[in-house]
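*Asks:* Position one of the sequence shown corresponds to residue 508 (the numbering used here), numbered consecutively onward.
C-beta: ideal position from N, C-alpha, C; glycine also.
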Amino acid sequence: MVKRIQKPLTLDQMTTIRGIPLSEAYGADHSPSFDQNETNRLYEAAVETLAEEGDRLDSLELLTLLAAIEQMTMLQEPPQSIGIAAVELAQAQLLRCAFLGDALTTATAENFIEALTADLHLFLDQTAKPPTDEKGDVLSRRRMQTLLVRHTFYAHHAEQIFRRVARNLERVELPSLGLTLGQASMISMAFAMAVQAALKSSNLKGVIPEWLAGKIERFDPAWTKPYEIDPRILSAEIPDVNVATLAKLLDRLSMAEGELRDADPAHLHLDNPIWRRPFVKHQGRWFCFSPGTLLSSQFDIIAELASDISERPGELIGKARGTALEDMLVEALQQILPHAEVLRSVKWDDAVGKEYETDAIALIDGLVLIFEAKGDALSMTGRRGSNNWLRDFDDIAVEAAVQSWRLEQALRDQKREAIELRADGRTVRLHLGDVRHVVRFGVSLERVTMASFGLEGHLRARIERAGGMPMPILTIGDLWQVRDLLGSEGHCLHFLLRRTELERDFEFIADELDLIAHYLRTGFVRLWNNVEDRGPVALYGLSDFLRFYQKGSSHYDATVKLPKRTTAWWDKLIREREERRAPGWTSMVYDLLNIPLLSQKRFEEDVRKLRRKVRRLPGRYPREGLLMQAPHQLRPSAFACIAMGRMSSADRIALARGHFAELLESHPDERLFVFVLDTASANPTPALPYYRGIAWDRHVENIGAEGESVASGLFFEVDASEATP
508 MVKRIQKPLT LDQMTTIRGI PLSEAYGADH SPSFDQNETN RLYEAAVETL
558 AEEGDRLDSL ELLTLLAAIE QMTMLQEPPQ SIGIAAVELA QAQLLRCAFL
608 GDALTTATAE NFIEALTADL HLFLDQTAKP PTDEKGDVLS RRRMQTLLVR
658 HTFYAHHAEQ IFRRVARNLE RVELPSLGLT LGQASMISMA FAMAVQAALK
708 SSNLKGVIPE WLAGKIERFD PAWTKPYEID PRILSAEIPD VNVATLAKLL
758 DRLSMAEGEL RDADPAHLHL DNPIWRRPFV KHQGRWFCFS PGTLLSSQFD
808 IIAELASDIS ERPGELIGKA RGTALEDMLV EALQQILPHA EVLRSVKWDD
858 AVGKEYETDA IALIDGLVLI FEAKGDALSM TGRRGSNNWL RDFDDIAVEA
908 AVQSWRLEQA LRDQKREAIE LRADGRTVRL HLGDVRHVVR FGVSLERVTM
958 ASFGLEGHLR ARIERAGGMP MPILTIGDLW QVRDLLGSEG HCLHFLLRRT
1008 ELERDFEFIA DELDLIAHYL RTGFVRLWNN VEDRGPVALY GLSDFLRFYQ
1058 KGSSHYDATV KLPKRTTAWW DKLIREREER RAPGWTSMVY DLLNIPLLSQ
1108 KRFEEDVRKL RRKVRRLPGR YPREGLLMQA PHQLRPSAFA CIAMGRMSSA
1158 DRIALARGHF AELLESHPDE RLFVFVLDTA SANPTPALPY YRGIAWDRHV
1208 ENIGAEGESV ASGLFFEVDA SEATP
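(1) In chain order, what residues of the same chain have a beta carbon less than 8 Å from the beta carbon of Q739, not counting five sequence neighbours either side?
(2) With a 10 Å radius around its C-beta and 16 neighbouring C-beta atoms as the bar for buried, classify K755 as buried or exposed.
(3) Applying the criterion that 16 or more other CB atoms from any shown protein chain within 10 Å of the CB defines a buried residue, is G860 buried or exposed?
(4) Is C1148 helix, strand or coil by DSSP?
(5) Which of the three DSSP states is assigned to A593 in this structure?
(6) Starting from the Cα of W574, find the closest Cα among D771, F794 and T517 and give me that residue.
(7) Once DSSP output is grouped into helix, strand and coil, what is the label at K788?
(8) Can you tell me where the alpha helix (DSSP H) holding Y1097 begins and where it ends?
(9) Return yes when the Cβ of D1021 is within less than 8 Å of the Cβ of L1046, no when it is not.
(10) Can you tell me whether DSSP reads T1073 as helix, strand or coil?
(11) With distances taken between CB atoms, is the gap from L836 to A867 smaller than 8 Å?
(12) Along the beta strand (DSSP E) that carries L850, what are the first and last residues, could you check?
(13) Measure the Cβ-Cβ separation of H664 and G984 and say whether it is below 8 Å.
(14) DSSP three-state call for W793: helix, strand or coil?
(15) Please confirm whether L986 and V950 have their CB atoms less than 8 Å apart.
(16) Here's the rule I'm using: 16 or more other beta-carbon atoms within 10 Å means buried, otherwise exposed. How should R1153 be labelled?
(17) Taking the alpha-carbon positions, what's the Q543 to A593 distance?
(18) What residue does the alpha helix (DSSP H) around T1066 start on, and which one ends it?
(19) Rounded to whole angstroms, how far is the Cβ of L1003 from the Cβ of L876, which I believe are closer than 8 Å?
(20) Among the residues of its own chain, which have a CB less than 6 Å from the CB of S1050, if the five just before and after it don't count?
(21) Ends of the beta strand (DSSP E) at A869?
(22) Could you check whether S1144 and N1101 sit closer than 8 Å to each other, using their CB atoms as the reference points?
(23) In the DSSP assignment, find the beta strand (DSSP E) that holds Y1198 and state where it starts and stops.
(24) Are the CB atoms of L516 and L564 nearer to each other than 8 Å?
(25) Here's a check: name, in chain order, each residue in its chain whose Cβ is nearer than 7 Å to the Cβ of L623, leaving out the five neighbours to either side.
(26) When DSSP builds the beta bridges, which residues end up paired with H944?
(27) Which residues in the same chain as E848 place their Cβ atom closer than 6 Å to its Cβ, once the five residues preceding and following it in sequence are excluded?
(28) Note the first and the last residue of the continuous alpha helix (DSSP H) segment covering L832.
(29) Assess contact between the segment 963 to 982 and the segment 812 to 829, defined as three or more Cβ pairs (one per stretch) separated by less than 8 Å. Is contact present?
(30) Judging by CA-CA distance, which residue of A1168, Q1140, F1015 and A697 is the nearest neighbour of Y1198?
(31) Would you report the Cα separation of Q916 and K1120, rounded to the nearest angstrom?
(32) According to DSSP, is D737 helix, strand or coil?
(33) Touching or not, the segment 1065 to 1077 and the segment 1091 to 1107, by the rule of three or more beta carbon pairs under 8 Å?
(34) Any idea which residues DSSP pairs K881 with across the strands?
(35) Is there contact here, the segment 756 to 772 with the segment 782 to 789, by at least three beta-carbon pairs under 8 Å?
(36) Whole angstroms is fine: what's the gap from H1174's alpha carbon to S1094's?
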């Protein structure tokens, strides 16, 4: 149950054309298939076992065991692991009982864990009403997809986020605790970090497997010690807060045995009180069995504390969240797009003079990237699929889509010459004739999962009825992943541009983290072929493979390399475009990154063959050419290379220009790259003097392919030897 997988699968090894194997899907349903009668029997047996064993067994020992197994298996793929959701559910179940009971044995422990796992997997089928319409189907899917708690942030990102929010809550006083709300938030996370530190120095990873294997006869109550929070010890780490105040905060966020005795077990999956009060108090001692809950549910914890001073805690913390999100968004954009002009809290007027405001705009090479940051509080129950979620969706996704769509329409208004963007005490006059492309994004703190699933028709219609058009909704953590994993400015920009096009290319089942993992694996290339035959691509869970790249986390593995998507020559071409930043450079990088690695290698190899061939050609003006096309994509492109032997510079230039002119005429609808290779030179790498772009709003279908297709499906050759200077 806790055996480590020595060589886990990595992102580079996954085949993602038709989705990933169910056994490797993080957060997916791993329960076996049974007929309905057997499913009913298993669920009833699981509920009965949890109730009976919870009353009979020692609750602290059970929670210690589950928490230890969760820590030991957190780096494994499901279904080997025990997740935070299982620990949280068990804690809530056991808080319905008295804590003291029979000592654990391996048999009773395994029986409880099996029942807990069955309850998690079978709960929804037993309790949810069958969906009767599209709205019901959306909510049903959402509950199923999020039941096992796919957390919004990685731990190191969560800490950054909550520190920024807490900074904005330093002036909100909690008189009953003698702390500010910001202080209380940070101290609550410090409790969890102290437990994590104690676990690292403990021997639980050694003794728990031995106990499970029967090598240690008795479950030692001392094994619970690493999960204990001692305010006397922590006061040394937090000198500005005394022991009594720390104890008060622990009491406020703790529950004791029997406190949930009247709770309906069926409600604990989707509205668990542990998310608001995560600590356990027993006989004057405090415990934290799920440190991860302090990160995944920190906003719910803050709201719980704020309820002491406000009947509307969401509104109280909303401004702090929103300000923190806008700060982090602007900083992230400046890091992702260092050569873009990033404007914050931008005011602008529509055609009749009505003023509007947009949270952030990035201007780069004629591209306008619009970002609407929504820091509205998304309730924990809403995230897990209650009817409140549709209201939350309106507040976060619909409003953001409408606001950004309004600005996009203004930027595309051909009747206007320019639009003034007012931000930071200055005005940027943007001439609309210089705007080549406009894309939009929403940015939130919590993950709005169903806004990323290709957007169901019910939700798409909801946005359109409000007067907007859908757009991708990322979290700030997603943008940090883009910054940290994708590489250079051009690569990050390519991801953002392709992400806005993705729904037009193929149907997918994934959230934004899954799509980032998919991009790292594929670059979002070759997704446009055979869509009607392939059906939806199931990527949900692919983001689990991102864990190896999270520096500063326990998952990080420096030996796991990112998938290679470009050759050294392609990297050089992209780097030169980024460094020179000539007008249209973003289009060139976009097109270069739309070519798969296999085709890049084949093009390079054919250029080398072409060079050797032309060097052996006799006669005057030796020359020949080749052509690679990428025709079946949203923005078709073609890559040509003409190789020329010994001749004067004037003749070489004239021949190249003539060849470029012919290609312009024969490929009017493709973004065209023309390389020129001087075979008489010692340099085997061709130059790239010619490029012809196509307007971003021009969509072309049925591009003709020349010559014979080869293995990559993108490569075609033509004989250009008849061209004359």
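*Replies:* This is what the structure gives:
(1) Looking at the sequence shown, residue 739 is not Gln but Arg. If we look at R739 and ignore the five residues flanking it on each side, its Cβ neighbours are V750.
(2) When all chains shown are included, K755 counts as buried.
(3) exposed
(4) Three-state result, C1148: strand.
(5) helix
(6) As written in the sequence, residue 574 is Ala, which differs from the Trp given in the question. Nearest option by C-alpha distance: F794.
(7) strand
(8) W1092 to L1099
(9) D1021 sits close to L1046, with the two beta carbons spaced by under 8 Å.
(10) coil
(11) It is a contact, given that the beta carbons lie within the stated cut-off.
(12) That run of the beta strand (DSSP E) goes E848 to D856.
(13) yes
(14) strand
(15) Taking C-beta atoms as the reference points, L986 and V950 count as a pair closer than 8 Å.
(16) exposed
(17) 24 Å
(18) The continuous stretches of alpha helix (DSSP H) do not include T1066, and DSSP gives it neither H nor E.
(19) 7 Å
(20) Cβ neighbours of S1050 beyond the five flanking positions: L1020, D1021 and A1024.
(21) E862 to I871 is the span of the beta strand (DSSP E), which, as asked, contains A869.
(22) yes
(23) A1194 to R1199
(24) In this structure, L564 does not lie closer than 8 Å to L516 by Cβ.
(25) L557, A593, L596 and A597
(26) DSSP lists L874 as the beta-bridge partner residues of H944.
(27) L870
(28) P820 to I843
(29) no
(30) A1168
(31) 53 Å
(32) coil
(33) yes
(34) S951
(35) Remark: three or more beta-carbon pairs, one from each stretch, lie closer than 8 Å, so the segment 756 to 772 and the segment 782 to 789 are flagged as touching.
(36) 17 Å
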